[in-house]
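Going by the numbering used here, the first residue of the sequence shown is number 2, and it counts up by one from there.
Every residue, glycine too, gets a C-beta built ideally from N, C-alpha and C.
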Amino acid sequence: MAIHKIDAKTLQNWLDKDQVVLIDVREEAEHRNQKINGAKLIPLGKISKKDLPELKNKKLVIHCQAGRRSQSACEKLLQEDSNLEIYNLEGGINSWCGSGCNVIKSKNFFLALDRQVQLTIGSFVFFGSLLTYFIDLKFVFIPAFFGAGLIFAGLSGLCLLANLIAKMPWNK
Numbered sequence: 002m003a004i005h006k007i008d009a010k011t012l013q014n015w016l017d018k019d020q021v022v023l024i025d026v027r028e029e030a031e032h033r034n035q036k037i038n039g040a041k042l043i044p045l046g047k048i049s050k051k052d053l054p055e056l057k058n059k060k061l062v063i064h065c066q067a068g069r070r071s072q073s074a075c076e077k078l079l080q081e082d083s084n085l086e087i088y089n090l091e092g093g094i095n096s097w098c099g100s101g102c103n104v105i106k107s108k109n110f111f112l113a114l115d116r117q118v119q120l121t122i123g124s125f126v127f128f129g130s131l132l133t134y135f136i137d138l139k140f141v142f143i144p145a146f147f148g149a150g151l152i153f154a155g156l157s158g159l160c161l162l163a164n165l166i167a168k169m170p171w172n173k
């Protein structure tokens with residue numbers, strides 16, 4: 002059928018009336034950190050029609066952090082079943098919070114996977130550069146290695162460091 006945009010206030014109204022199945026396509030750490038009450042987690046990389054709960058005449062709404070991943074999830078689901086009627090929360094959970102709607106927040110702080118990757122790469126490039134400048138030129142291979150990794154990730158769409166960090170115990 003189609004992908005429709007929905008604003009936070011309309012979604013809140015539908016949730017209050019139990020008219021919606023809400024799917025969060027962010028990563029597990031993001032969902033643990035902050036979530037909309039009633040949202041079921043199915044990360045973007047794992048979403049498929051077979052994993053969706055039964056709709057039982059309810060509307061299907063997909064959300065993420067800012068709306069881009071949920072748009073991708075909607076498109077992926079429509080490719081599997083063109084008869085689906087899907088709603089994408091415009092602006093994601095950011096717009097939900099900006100509209101004054103309530104979220105469930107974790108007492109513990111979790112960094113999103115992409116931020117963990119950025120911190121790791123940034124740290125190795127920064128300290129590798131310092132080591133190269135102050136200690137020995139042979140340390141230039143540290144920032145070069147991570148630069149090559151970024152190029153590979155950009156060309157292939159596969160970030161091996163993100164896959165490794167996702168398997169760390171604090172991300173389980």
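Boundaries (first-last residue) of the beta strand (DSSP E) holding residue i
i: I63; result: 60 to 64
i: V21; result: 21 to 25
Spatial neighbours of residue i in its chain, beta-carbon cut-off 8 Å, leaving aside the 5 residues before and after
i: T121; result: L162, I166
i: L85; result: M2, K50, L61, L78, L79
i: L1; result: Nothing can be reported for residue 1: it is not among the residues displayed for the chain, which extend from 2 to 173.
i: K59; result: D19, Q20, V21, V22
DSSP bridge partner residues for residue i (one or two, in chain order)
i: H32; result: H32 pairs with nothing; no bridge assigned.
i: I4; result: I87
i: K106; result: Q35
Where residue i falls, given that 16 or more other Cβ within 10 Å makes a residue buried
i: L90; result: buried
i: G123; result: exposed
i: L12; result: buried
i: E28; result: buried
i: R116; result: exposed
Contacts around residue i, its chain only, beta-carbon distance under 7 Å, and the 5 residues preceding and following it disregarded
i: E81; result: S49, K50
i: C75; result: I4, I63, I87, N89
Rounded Cβ spacing between residue i and residue j (contact assumed at less than 8 Å)
i: V22; j: L61; result: 5 Å
i: S107; j: R33; result: 5 Å
i: H64; j: I87; result: With 8 Å as the limit, H64 and I87 do not qualify as a contact, their Cβ atoms being about 11 Å apart.
i: Q35; j: V118; result: The Cβ separation is near 19 Å, so there is no contact.
Contacting residues, own chain, Cβ-Cβ under 6 Å from residue i (five flanking each side not counted)
i: I152; result: none
i: S96; result: A9
i: N38; result: I105
i: P144; result: V126, G129, S130
i: I24; result: K41, I43, I63
The ligand SAH heavy atom lying under 7 Å from the CB of residue i
i: L132; result: Looking at this structure, you won't find the ligand SAH or any other ligand, since it has none at all.
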